[in-house]
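The structure appears below as structure tokens.
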Amino acid sequence: MARLNEFSAATRQRNLEALSRDTFDLLIIGGGITGAGIARDATLRGLRVALVEQRDFASGTSSRSSKLVHGGLRYLAQGDVGLVMEAANERRTLRRIAPYLARPLQMLVPVHGRSGYMTISAGLFTYDKMARVEKEHRNQMLGRDDTLAKEPLLRRDKVYGAGFYYECLTDDARLVIENIKTAAALGGIAANYTEVVSFRTEGGRLSGAVVRDRLGGGEFEVRAHVTVNAAGPWVDAVRLLQGESEKPRLHLTKGIHLVVPKERLPVQHCVVMTTPDKRSIFVVPRGDIVYLGTTDTNYEGRLDEPAITVEDGEYLLQTTNATFDIEPLRLSDTVGAWAGLRPLLHQEGKKPSEISRRDEIMVGPSGLLSIAGGKLTAYRRMAERIVENVAEILTERGHSVRPDPGNSATELLSGGATGEDVEAFAARLKSKWSRLPADIVERLVTVYGSNAERMVEGMATDPQLALRCAPESAVTQSEVAYAVREEMVMTLVDFLERRSRLFLWDRANGLGVASQVAHLMAPMLGWDTTRVDRQIREYGEHVAAVKHFVSPESDIVEKKVAHA
């Protein structure tokens, strides 16, 4: 596993110079999980790779999923055996290359009658056999008493029994960052806040793109033999830069999640609930919070910050309140929320939840390869498929491609060297550096995997680095310095929302440490007092905006476009 020495604002500046100067085998547009996975796979094959992202890495869909790595059980009911097998294999792969980003999670599926019980039992049995589930993670069928023993809050009058099985919990934004860092360590050139504004062609063939630096200003051309559009919800916008011959293909759907305090919904396991319209939604416990999700509705509004409506929130709360014997949850109970967009391929007459999650590669008139659809779980295989296309194109055009590429299914991701037992890795660090508070070490391993060890070593050497950013916070000066130096943090939002994840998992959404973090970042990023104050203010406004539930008619809706 290659390791970065630096991936900072200074690295970004050097990368911008390289982007404007060099010619690349592959230019990737989009720094979400698909683009990040493509960058890693392509650099493992020895390709010269550039990646540009118009905002921060993982700032769109790839930080706003349900954080679940599904093994494919949900596709069994649809009869899609191929997707079941792929999802199960990819879950095993992620547990191998980044164990800390694929933690086993117990799932409880309550059923309300004998027929439902038999259906779930048959499905889980079939899935275990097809997906080659490890013995310790195979399903169990529970009777009523055992179900209620595991989840006493379930409404007793509605419980017949339950299926009990395993999925994996991930951190989607961290998965993106570690893929990009791995690609960068292998020689890839990546820069956030770089927006493609137009394309360049030579002889009718795409030769590169004009990119705008959204932080420093100015435009420059990036030259590449092949360009891949992995822009997620922006895939159509990028495709349309080729000219009027392209037509929109995406069907965007929105998924929202709500975060509530654990004491308002003290569940012990992830519980799968059934909505009145027969969809499955989840309740997922995480530390001292619980999150609920997700919706699946057609969407035609703004792409950068999709609003959460009152109707969205009430949809999740209605089913949650009907499932558990609790004081009814209200929107006022939420301490956090997020909304993401799924860039699916349009299928005429299909409801949002019926549209296939399979990915598709589209080839534009100038040779632009665009990829859309797909699932977080299968990101590595999606990347593998598109890079195979890229390698074929390069070979046909006379460019050399390494015959012995690295294997993306076995090469560890950045942070992945914890070994399979992540808890044992954390225990070893706590034992070796016993003077450091256990909560700090545990947090670092959870978020950064084996990269935590260097932070722990640094804190043991320099006690200043071990200082907390707030009395009750496990975030230290070491973590802030690490993220700025090695994770290309450019703004306070970058750190609090997508690197440290406090925006989601801290009940105060990171507001308690925002000022201290901004002041720590200032000398590293050259911020003056005015810039620090603006960063703190903008972060506070961002937190308030995300938790503001709007009425449907107040959401800004863009002009509809016809699908090809």
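So for the sequence shown, the working numbering puts the first residue at 2; every next one is plus one.
Backbone N, C-alpha and C define an ideal beta-carbon position, used for all residues, glycine too.
Values in this document were obtained by computation on a predicted structure and should not be read as measured data.
Which whole-angstrom value is the C-beta distance of residue i and residue j, which I expect to be below 8 Å?
{"i": "V177", "j": "T195", "result": "Actually they do not touch by this definition, with Cβ atoms about 16 Å apart."}
{"i": "E222", "j": "S21", "result": "7 Å"}
{"i": "V50", "j": "A184", "result": "6 Å"}
{"i": "V448", "j": "R486", "result": "In fact, because the Cβ distance is near 16 Å, the residues do not count as touching under 8 Å."}
{"i": "V291", "j": "E168", "result": "Going by Cβ atoms, the distance from V291 to E168 rounds to 16 Å, so no, they are not a contact pair."}
{"i": "K151", "j": "H113", "result": "Rounded, the Cβ-Cβ distance is 16 Å, inconsistent with contact."}
{"i": "L48", "j": "G407", "result": "Between G407 and L48 the Cβ distance is about 11 Å, and since that is not below 8 Å, they are no contact."}
{"i": "F496", "j": "V518", "result": "6 Å"}
{"i": "L430", "j": "E454", "result": "6 Å"}
{"i": "T12", "j": "M522", "result": "The pair is not a contact, with the Cβ atoms about 16 Å apart (cut-off 8 Å)."}
{"i": "T335", "j": "D297", "result": "With a Cβ gap of about 19 Å, T335 and D297 do not count as contacting."}
{"i": "N395", "j": "D173", "result": "Per the sequence presented here, residue 395 reads as Leu, with Asn not at that position. About 30 Å separates the two Cβ atoms, so there is no contact after all."}
Do residue j and residue i count as a contact pair if the criterion is CB distance below 8 Å?
{"i": "S415", "j": "A186", "result": "yes"}
{"i": "A40", "j": "I30", "result": "no"}
{"i": "Y380", "j": "I34", "result": "yes"}
{"i": "D289", "j": "P262", "result": "yes"}
{"i": "G162", "j": "R145", "result": "yes"}
{"i": "A10", "j": "M491", "result": "yes"}
{"i": "N510", "j": "L369", "result": "no"}
{"i": "T310", "j": "T276", "result": "no"}
{"i": "T171", "j": "G341", "result": "no"}
{"i": "H270", "j": "Q107", "result": "yes"}
{"i": "L317", "j": "L293", "result": "yes"}
{"i": "G295", "j": "G256", "result": "Sequence inspection shows Thr at residue 295; the Gly mentioned does not correspond to that position. Contact: yes."}
{"i": "A467", "j": "S479", "result": "yes"}
{"i": "G38", "j": "F58", "result": "no"}
{"i": "F426", "j": "V457", "result": "no"}
{"i": "F325", "j": "L154", "result": "yes"}
{"i": "Y166", "j": "L125", "result": "yes"}
{"i": "L102", "j": "R175", "result": "yes"}
What residue from the options has the CA that sits closest to residue i's CA?
{"i": "V514", "options": "F221, L493, L102, V50", "result": "L493"}
{"i": "H543", "options": "N408, S409, A338, E421", "result": "A338"}
{"i": "D23", "options": "T296, I190, L466", "result": "I190"}
{"i": "L251", "options": "G233, R75, E264, V457", "result": "G233"}
{"i": "V110", "options": "L102, S122, P100, A103", "result": "S122"}
{"i": "V227", "options": "S66, I327, M86, E393", "result": "E393"}
{"i": "V388", "options": "N6, L17, F8, L27", "result": "L27"}
{"i": "E179", "options": "M525, A523, E412, L330", "result": "E412"}
{"i": "L74", "options": "S66, Y483, M86", "result": "M86"}
{"i": "L526", "options": "V551, A484, F550", "result": "A484"}
{"i": "S208", "options": "V197, A225, V198, E473", "result": "A225"}
{"i": "P404", "options": "G36, T94, A43", "result": "A43"}
{"i": "Y300", "options": "V391, E315, R343, D81", "result": "R343"}
{"i": "E652", "options": "R104, M460, A192, A37", "result": "Since the first and last residues shown for the chain are 2 and 565, residue 652 lies out of range."}
{"i": "G72", "options": "E7, R139, N6, L505", "result": "R139"}
{"i": "T94", "options": "R500, S409, D440", "result": "S409"}
{"i": "F283", "options": "K68, R303, P366, L304", "result": "K68"}
{"i": "R444", "options": "M363, R156, A475", "result": "A475"}
{"i": "D360", "options": "R65, I441, G83", "result": "G83"}
{"i": "R92", "options": "D81, G80, P105", "result": "P105"}
{"i": "P307", "options": "A482, V533, K136, S552", "result": "S552"}
For residue i, which three-state DSSP category applies?
{"i": "A563", "result": "With a pLDDT of only 34 at A563, under the threshold of 50, the placement of this residue in the model should not be trusted, and no figure is reported."}
{"i": "P353", "result": "helix"}
{"i": "D556", "result": "In this predicted model, D556 has a pLDDT of only 45, less than 50, meaning its place in the structure is not dependable enough to derive any value."}
{"i": "V70", "result": "strand"}
{"i": "T148", "result": "helix"}
{"i": "P524", "result": "helix"}
{"i": "S9", "result": "coil"}
{"i": "V402", "result": "coil"}
{"i": "E397", "result": "helix"}
{"i": "L437", "result": "coil"}
{"i": "T568", "result": "With the chain covering 2 to 565 only, the question about residue 568 has no answer from this structure."}
{"i": "G188", "result": "coil"}
{"i": "G595", "result": "Since the first residue of the chain shown is 2 and the last is 565, residue 595 is not available in this structure."}
{"i": "G374", "result": "coil"}
{"i": "G420", "result": "coil"}
{"i": "A59", "result": "coil"}
{"i": "I327", "result": "coil"}
{"i": "H449", "result": "The amino acid at residue 449 is misidentified as His; the sequence shows Tyr. The answer is helix: DSSP assigns Y449 an H, G or I state."}
{"i": "Y161", "result": "coil"}
{"i": "T171", "result": "coil"}
Can you check whether the C-beta of residue i is within less than 8 Å of a C-beta belonging to chain B?
{"i": "A471", "result": "The chain inventory of the structure shown lacks chain B, comprising one protein chain alone."}
Indicate, with yes or no, if the ligand GTP has a heavy atom lying under 7 Å from the CB of residue i.
{"i": "G114", "result": "The ligand GTP is not among the ligands present in this structure, which contains no ligands whatsoever."}
Note to self: As an exercise, report each continuous alpha helix (DSSP H) stretch of at least 4 residues that is fully enclosed by the segment 190-253, in chain order.
What the structure shows: 236-240
3 or more residues per run - each beta strand (DSSP E) lying fully within the segment 96-142:
104-112
* Note down, one range per segment and in chain order, each alpha helix (DSSP H) of at least 4 residues found wholly within the segment 453-521. => 453-462, 478-487, 503-506
At 3 residues or longer, what runs of the beta strand (DSSP E) sit wholly inside the segment 253-308? 271-275, 281-287, 290-294
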